[in-house]
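Heads up: the structure comes next, in structure tokens.
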Amino acid sequence: MDDFYRDYILEHYRNPHHFGHLEAPTVTAEDLNPLCGDRIRMDLLVDRNGTVQDVRFSGKGCAISQASASMLTDSVVGMKLEDVAKLSKDAVLENVGIGISPTRMKCAMLGLRVLKSAAIGSLAAWPDEE
Amino acid sequence: MLRACDPRVSAIRADFPILAQSTSRGKRLVYLDSAATSQKPLAVIEALDTYYREYNANIHRGVYEIAARATEAYENARALVARFVNGAPNELVFTRNATEAINLVAYAWGSANVHAGDAILLTEMEHHSNLVPWQLLAQRAGAMLRFIPVDDAGSLVLDDLDRLLDGCKLLSIAHVGNTLGTIAPLEIIIPRARAAGALVVVDGAQAAPHLPVDVVALDCDFYAFSAHKMLGPTGVGALYGRRAILEAMPPFLSGGDMIRTVEYRHTTFNEPPWKFEAGTGNIAGAIGFGAAIEYLQGTGMAWLREHEKRITRYALERLAPLERLGLKVYGPRDPERTGGVLSFNLADVHAHDVASILDTDGVCIRAGHHCTMPLMERMGWEATARASFYLYNDDDDVDALVASLEKAARIFKL
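Line by line, the protein sequences are chains Z and W. Residue numbers for the first sequence follow our numbering, beginning at 141 and rising by one. Residue numbers for the second sequence follow our numbering, beginning at -11 and rising by one.
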């Protein structure tokens, strides 16, 4: 677990990417991990074709939850909503590498859970125009 | 710096099988989370084992030998637990834990005695277990909640106590706070609460394991505590209640064992404490609780308290140099006024990351809100790391904590 705290994780923790809020997000989702109080909100700006144009995340919590969320935001811009909704745990694990203990897996997956619920919520609210 | 090696602590450690284990990384198990739950001595483990192996039977009913033996052991445990806090056996109700004990008072006494417009006084440092039951009672009864404030150092502010007590039906207060370890000045608060006519409930979950407790000297009406934080098994706790109040109070849970006679449309109840013990209880757990009490008495609560003060003082001294790396220790920081609990944060490192790094060194601490979310909000803390001590902790444990915190500081480049 101590191997987990590599430089780029700490870099994302202290200087998270896409941190903040969007002024007019297409969809917003927020969730927390009640066990430890980690909290993450994701704002997405989605165009008419269902492609993510911009993203912001905000929240508080441990390095694992915040860095995982930060790294996810780097990969989400340009993705189709349906692909965001299908993102798997592996997407996070590829970002953060191995070495997360089972007890901290919930921290690592919080950002993914919020992002996916935003995407799924958005897909439901914006039905296919065809 | 006073580094001590008390031969008594080595002997105590030998009584706890889990402390002889290594972690999967081959590290010594450094258990600093006794405020969450304590480890168990062999005497307690064997008491459970012996009950199940040799005289497992239901209590208060069977006429055969092992049933009589089980009943005797269960009631003997009740007497041990009661006397441990200077109560009488018939004033001691077995519950699942301190939380259930508080709920028992909130439902049984609260529902009968707290009415619309009444006030219930708590403090800002209560564990959720001594807050949520009163919120629900207040909602049911139309009563209001008031709070004794906590200052930035984690001490209770008593300036407005008499005003806060005015019109209060009930005061419920933690003897020792679980997040900061603050010992509440009950000797000041309880006489004034009684003078104001309020019922006094004490949440002793963090106090009974660490301080000598005397419910008569405290002059409280109820005192709630849990076995698992004081060397006993999980799933059993106790509620001391003043005899006259227990007699007048309606039952909480109902069913078997708490009755005297049952007709189809009417029931008369058993006497306290059995009136409040519906159904088959945690017989093995109660017997194990008794064994834990015997172990604590054998060690001596006065010695235990001095040991914890000494180790807290040593920890505060050893942690002080880490302040230049951004370590902040919260709470009174005075071993005389705390119950073996140290809450802290290391610069901008989140408490969960601190705990994860310490875990790799076999150091077990708690991280988070410690079931005191309103206190965390009041203090402006997202989370804290918490190390807590007990009779089996020694200076090696403190040294391991400090070394591991230094490592966390290196990893996070502080």
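All C-beta atoms in this analysis are idealised placements derived from N, C-alpha and C, irrespective of residue type, glycine included.
Distance CB(residue i)-CB(residue j) smaller than 8 Å
i: residue 204 of chain W; j: residue 78 of chain W; result: no
i: residue 307 of chain W; j: residue 390 of chain W; result: yes
i: residue 69 of chain W; j: residue 278 of chain W; result: yes
i: residue 356 of chain W; j: residue 177 of chain Z; result: yes
i: residue 256 of chain Z; j: residue 227 of chain Z; result: yes
i: residue 258 of chain W; j: residue 23 of chain W; result: no
i: residue 261 of chain Z; j: residue 169 of chain Z; result: yes
i: residue 233 of chain W; j: residue 209 of chain W; result: yes
i: residue 337 of chain W; j: residue 392 of chain W; result: no
i: residue 134 of chain W; j: residue 119 of chain W; result: no
i: residue 246 of chain W; j: residue 96 of chain W; result: no
i: residue 142 of chain W; j: residue 168 of chain W; result: yes
Chain Z within 8 Å of residue i, Cβ atoms only
i: residue 264 of chain W; result: no
i: residue 332 of chain W; result: no
i: residue 10 of chain W; result: no
i: residue 341 of chain W; result: yes
i: residue 399 of chain W; result: yes
i: residue 430 of chain W; result: There is simply no residue 430 of chain W to check, as chain W begins at -11 and stops at 402 in what is shown.
i: residue 387 of chain W; result: no
i: residue 357 of chain W; result: yes
i: residue 338 of chain W; result: yes
i: residue 117 of chain W; result: no
i: residue 344 of chain W; result: yes
Nearest-angstrom Cα separation, counted from residue j out to residue i
i: residue 221 of chain W; j: residue 114 of chain W; result: 24 Å
i: residue 241 of chain W; j: residue 305 of chain W; result: 49 Å
i: residue 236 of chain Z; j: residue 197 of chain W; result: 42 Å
i: residue 213 of chain Z; j: residue 189 of chain W; result: 50 Å
i: residue 370 of chain W; j: residue 146 of chain W; result: 26 Å
i: residue 398 of chain W; j: residue 202 of chain W; result: 46 Å
i: residue 49 of chain W; j: residue 64 of chain W; result: 16 Å
i: residue 180 of chain Z; j: residue 9 of chain W; result: 38 Å
i: residue 211 of chain W; j: residue 112 of chain W; result: 19 Å
i: residue 270 of chain W; j: residue 394 of chain W; result: 44 Å
i: residue 388 of chain W; j: residue 19 of chain W; result: 10 Å
i: residue 186 of chain W; j: residue 101 of chain W; result: 11 Å
i: residue 358 of chain W; j: residue 195 of chain W; result: 16 Å
i: residue 149 of chain W; j: residue 138 of chain W; result: 12 Å
i: residue 243 of chain Z; j: residue 199 of chain W; result: 33 Å
i: residue 294 of chain W; j: residue 3 of chain W; result: 20 Å
Any chain W beta carbon closer than 8 Å to residue i
i: residue 108 of chain Z; result: The structure shown does not extend to residue 108 of chain Z, since chain Z spans only 141 to 270, so no value can be given for it.
i: residue 177 of chain Z; result: yes
i: residue 256 of chain Z; result: no
i: residue 246 of chain Z; result: no
i: residue 150 of chain Z; result: yes
i: residue 241 of chain Z; result: yes
i: residue 203 of chain Z; result: yes
i: residue 200 of chain Z; result: yes
Residue span of the beta strand (DSSP E) that contains residue i, given as start and end
i: residue 431 of chain W; result: Residue numbering for chain W in the displayed model covers -11 to 402; residue 431 of chain W lies beyond these limits and cannot be assessed.
i: residue 200 of chain Z; result: 192 to 200
i: residue 124 of chain W; result: Taken as a continuous stretch (DSSP letters only), residue 124 of chain W belongs to no beta strand (DSSP E), being part of the alpha helix (DSSP H) at 120 to 129.
i: residue 80 of chain W; result: 80 to 83
i: residue 378 of chain W; result: Taken as a continuous stretch (DSSP letters only), residue 378 of chain W belongs to no beta strand (DSSP E), as it is neither H nor E.
i: residue 160 of chain W; result: 156 to 162
As assigned by DSSP and simplified to three states, the class of residue i
i: residue 256 of chain W; result: strand
i: residue 247 of chain Z; result: helix
i: residue 254 of chain Z; result: helix
i: residue 356 of chain W; result: strand
i: residue 59 of chain W; result: helix
i: residue 47 of chain W; result: coil
i: residue 269 of chain Z; result: Residue placement at residue 269 of chain Z cannot be trusted, given a pLDDT of 45 that sits under 50; the coordinates are not used to answer.
i: residue 136 of chain W; result: strand
i: residue 76 of chain W; result: coil
i: residue 247 of chain W; result: strand
i: residue 113 of chain W; result: coil
i: residue 264 of chain W; result: helix
i: residue 170 of chain W; result: strand
i: residue 19 of chain W; result: strand
i: residue 144 of chain Z; result: helix
i: residue -9 of chain W; result: coil
i: residue 312 of chain W; result: helix
The ligand MN heavy atom lying under 7 Å from the CB of residue i
i: residue 278 of chain W; result: The ligand content of the structure shown is nil, which means the ligand MN is not present either.
Where the alpha helix (DSSP H) containing residue i begins and where it ends
i: residue 235 of chain W; result: 231 to 236
i: residue 208 of chain Z; result: 203 to 216
i: residue 149 of chain Z; result: 147 to 154
i: residue 365 of chain W; result: 361 to 367
i: residue 297 of chain W; result: 289 to 307
i: residue 33 of chain W; result: 30 to 42
i: residue 88 of chain W; result: 86 to 92
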